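Which chain is which? The protein sequence lines are W and D, in order.
Under the working numbering, the first residue of the first sequence carries the number 60, and numbering increases by one thereafter.
Under the working numbering, the first residue of the second sequence carries the number 60, and numbering increases by one thereafter.
Note that beta-carbon positions come from the ideal geometry of N, C-alpha and C, so glycine has one too.
Please read these numbers as outputs of a predicted model, since none were measured by experiment.
For reference, the structure discussed in these notes is given below.
Protein chains: 2
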Amino acid sequence: MVNRKNIKDVARAAGVSISTVSRVLNDSKGVREELKQKVLDAVQILGYHSNTIARALKGMPTKTFGLLIPSIENPFFPSMVRGVQDEAHRNGYSVFLCNTDGSGIIEEAQFRLLLDKKVDGIILVASKYTTKYLKKENNELPIVMMDRYVRSPNYSYVTVDHSVGVRLAMDHLRTLGHKRIAFLGSKLISSGARERFQAYKRYMIDLRSKLDESLVVLGDYTYESGIKMTEELLRRDVKFDSILCGNDLIAFGVIEVLKQKGIAVPDSISVVGYDDIAFSSYYTPKLTTVHQPTYDVGQLSAKMLIDMISGVDRRVKHIKIEPSLAIRETTLRVGSDSH
Amino acid sequence: MVNRKNIKDVARAAGVSISTVSRVLNDSKGVREELKQKVLDAVQILGYHSNTIARALKGMPTKTFGLLIPSIENPFFPSMVRGVQDEAHRNGYSVFLCNTDGSGIIEEAQFRLLLDKKVDGIILVASKYTTKYLKKENNELPIVMMDRYVRSPNYSYVTVDHSVGVRLAMDHLRTLGHKRIAFLGSKLISSGARERFQAYKRYMIDLRSKLDESLVVLGDYTYESGIKMTEELLRRDVKFDSILCGNDLIAFGVIEVLKQKGIAVPDSISVVGYDDIAFSSYYTPKLTTVHQPTYDVGQLSAKMLIDMISGVDRRVKHIKIEPSLAIRETTLRVGSDSH
DNA sequence: ATTATTCTTGAAAACGTTTGCAAGGAAGGT
DNA sequence: ACCTTCCTTGCAAACGTTTTCAAGAATAAT
């Protein structure tokens, strides 16, 4: 392995021309079986690996794609990223991971950097900035939006059906006798946040013909924001018997504040999270939450992208996966007392 | 942006040869100021980006490196990865992230794949397999070991000084009056696991001249293992007043089991974690734990690698960062009663 | 047997750069 | 004025592939 062999070395060893070697390494068509075997043997013996860079220069695929997410530190993403990578590696792809921190400038810069690196495609978690730079490129580069997307007939996406997720959570709470269900979620800056709030709103309107705005607080998808929103809700002095949270981190903030105020969860107030990050089942009490199949979302996104790249299936597709409900320890029937 | 410009287009627009363009884009030395400006203008106007692939083919750096970790789903790694990426992007590098799942076969395969992709360097979390394939390569490729390492004068690493971490935790427990401190950690398959156990052992021997083996259980760095190890410890029917855990996930398992058995934390038993993953301060009760500066470890690793790549500093270096202790709610003075 | 067709093969031209080399011009020394 | 030396520039060869094209061999068709 001291100095890498090139196609010329193989050609010499096999006693053929480099064109022949190249042919057996690619299409393999139109090469006599005998020569083909000789080449394969030579490759074997010399431990030859074709040079990705040189192939890329000739316009061949780089077997590489980009993955643009807000932040790997957001516990919602690791398993999704893992899903992408597993599918990628299974198909011989390497993936560039980039964090955008929700900044349009960074997102666009990273996007262009990926273009420069000649990736075969890009998977991205769309933001409100995405369309801006995306339509500047009228290129053929395969793109898949993952989780968060923008409505467009031009781009494929795979995401989760939040109307189902919210309905599962609400039905669960209703079944337990809850009537005044508060919603503590994210401001409506992403497709997911919008859909969750819309689904909640629709559900409440169906229930009592109008939405009680005093039951709603909007902030960020963070623990700290969960704390602030709960304090705000408490300050309003409005009656509620349960809380649906926009994600699990918010739920942890909620439970922390309720605990501090001496309000028992789930005995006095039931809490439902959203996402089902790994941590939710380690938490005490174990969090009842809407389980998002994040690994599957990642894996499917990668599969879809690879299909587009390899030309197996170039059509734009919109996939929504159904979430499920993980009923654990933070929800309880109204009026029951676990003591 | 419909069709990318190449260096030839720039040369034509600026009225110079491509060599001149190349020169101003690289060293910039030995080009008349006037021409240099013309070229720069042309680059500006045409929106030219030099083709990374073609440069790489000439042996120029790809501005790309690999990052090999056990799994991004392990909550210990996201912030470390983030540290690496932030430093990388600040210097114009893109990073390939790969998961090895602790498998030597996958690790080596990924390593070779990165080599094929012509990365400028590799950061890896070493395993017992690492040396095997690493010494097969007598190449010049810059390599930095991150967090887990193997002893070798040939390879740089940056890691955390666990003897300090364990001492901080033990001193804290001793100060609170704890005498019988159990250790629930990982089997000794990584440098970190070995060092933590060794430090605990040394501390206990210093204290009472010998190690009470019945206070030690070894398993994996997981929640589930934490549960099993606690059950095992309880089964032994040995007296203990506190538990030092090999990482935070184990600590969560420990606390869960103790809670189920009606043993109050921290009132009856104090628990100290290790790592200080984000979740530990969201947990109830908030976990007292050894804080590992994981972001810094990542950032420093990347900085070190980039220095090696750019030739700024090629010496092999061994850096150990000191951890700190985050005292929160799972440790209490012996005999005190919070009720 | 002769011609038309198909299969195999290799030579050579790309892909977009960097860089050694040589040439031309300007500047400096005598 | 002439000879060095230095600075600036362009030509052309590489880097390791893929692929078009043409040619030669082998096969099929008449």
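Does residue i pass the burial test, meaning 16 or more other C-beta atoms within 10 Å, or should it be called exposed?
i                : result
Leu266 (chain W) : exposed
Arg207 (chain W) : buried
Ile328 (chain W) : buried
Val80 (chain W)  : buried
Lys298 (chain D) : exposed
Gln103 (chain D) : exposed
Gln319 (chain D) : exposed
Asn306 (chain W) : buried
Glu199 (chain W) : exposed
Asp179 (chain W) : buried
Gly89 (chain D)  : exposed
Gly251 (chain W) : buried
Gln369 (chain D) : For the sequence presented, residue 369 (chain D) should be read as Ser rather than Gln. The residue in question, Ser369 (chain D), is exposed, as its Cβ has fewer than 16 Cβ neighbours within 10 Å.
Arg255 (chain W) : buried
Ile66 (chain D)  : buried
Lys269 (chain D) : exposed
Lys122 (chain D) : buried
Ile264 (chain W) : exposed
Met367 (chain W) : buried
Met205 (chain D) : buried
The beta strand (DSSP E) that contains residue i, what's its start and end?
i                : result
Thr123 (chain D) : Thr123 to Ile128
Val217 (chain D) : Ser215 to Val219
Ala385 (chain W) : Ser383 to Ala385
Asp334 (chain W) : Ser329 to Asp334
Phe155 (chain W) : Ser153 to Asn158
His350 (chain W) : Thr347 to His350
Ser301 (chain W) : Ser301 to Cys304
Leu243 (chain W) : Ile240 to Ser245
Val275 (chain W) : Val275 to Gly278
Ile378 (chain D) : His377 to Ile380
Confirm, please, whether the CB-CB distance from residue j to residue i is below 9 Å.
i                : j                : result
Val349 (chain D) : Val331 (chain D) : yes
Ile182 (chain D) : Ile165 (chain D) : no
Ile302 (chain W) : Tyr282 (chain W) : no
Gly142 (chain D) : Tyr354 (chain D) : yes
Arg262 (chain W) : Val225 (chain W) : At residue 262 (chain W) the sequence reads Tyr, which differs from the Arg that was named. Yes, these two residues count as a Cβ contact at 9 Å.
Glu388 (chain W) : Leu346 (chain W) : yes
Gln144 (chain W) : His148 (chain D) : no
Tyr214 (chain W) : Leu235 (chain W) : no
Leu105 (chain D) : Val69 (chain D)  : yes
Asp300 (chain D) : Lys260 (chain D) : no
Val375 (chain D) : Pro212 (chain D) : yes
Thr159 (chain D) : Val184 (chain D) : yes
Gly285 (chain W) : Val324 (chain W) : no
Asp326 (chain W) : Leu391 (chain W) : yes
Lys187 (chain W) : Ile248 (chain W) : yes
Leu116 (chain D) : Leu116 (chain W) : yes
Would you give the residue range spanned by the alpha helix (DSSP H) that residue i belongs to?
i                : result
Thr353 (chain W) : Thr353 to Ser369
Ser250 (chain D) : Ser250 to Arg267
Thr289 (chain D) : Tyr282 to Arg295
Ala323 (chain W) : Taken as a continuous stretch (DSSP letters only), Ala323 (chain W) belongs to no alpha helix (DSSP H), as it is neither H nor E.
Gly142 (chain D) : Pro137 to Arg149
- Item | Segment contact flag, the stretch 171-187 of chain W with the stretch 105-117 of chain D, C-beta cutoff 8 Å, min 3 pairs | The stretch 171-187 of chain W, when compared against the stretch 105-117 of chain D, does touch it at the 8 Å Cβ threshold.
- Message: Check whether the stretch 129-141 of chain D and the stretch 94-102 of chain D touch, using three or more Cβ-Cβ pairs below 8 Å as the test.
- Response: Too few Cβ pairs lie closer than 8 Å, so no.
- Item | Ranges of the alpha helix (DSSP H) found wholly within the stretch 66-127 of chain D, counting only runs of at least 4 | The qualifying runs are 66-73, 77-84, 92-105 and 111-116.
- Query: Would the stretch 218-225 of chain D and the stretch 380-387 of chain D be scored as touching if the rule is three or more Cβ pairs under 8 Å?
  - Reply: Because the criterion of three Cβ pairs below 8 Å is met, the stretch 218-225 of chain D and the stretch 380-387 of chain D touch.
- Complete runs of the alpha helix (DSSP H) confined to the stretch 164-213 of chain W [at least 4 residues]: Taking only runs of at least 4 residues, the alpha helix (DSSP H) segments lying wholly in the stretch 164-213 of chain W are 189-193.
- Take every Cβ of the stretch 146-162 of chain D, pair it with every Cβ of the stretch 117-128 of chain D, and state whether three or more of those distances are shorter than 8 Å. Short answer: they touch.
- Item | At least 3 beta-carbon pairs within less than 8 Å: the stretch 273-282 of chain W vs the stretch 242-252 of chain W | At 8 Å Cβ cutoff, the stretches touch.
- Message: Does the stretch 336-349 of chain D come into contact with the stretch 358-367 of chain D, if we say contact requires no fewer than three beta-carbon pairs (one atom in each stretch) closer than 8 Å?
- Response: A contact between stretches requires three or more CB pairs, one per stretch, nearer than 8 Å, and the stretch 336-349 of chain D fails this requirement with the stretch 358-367 of chain D.
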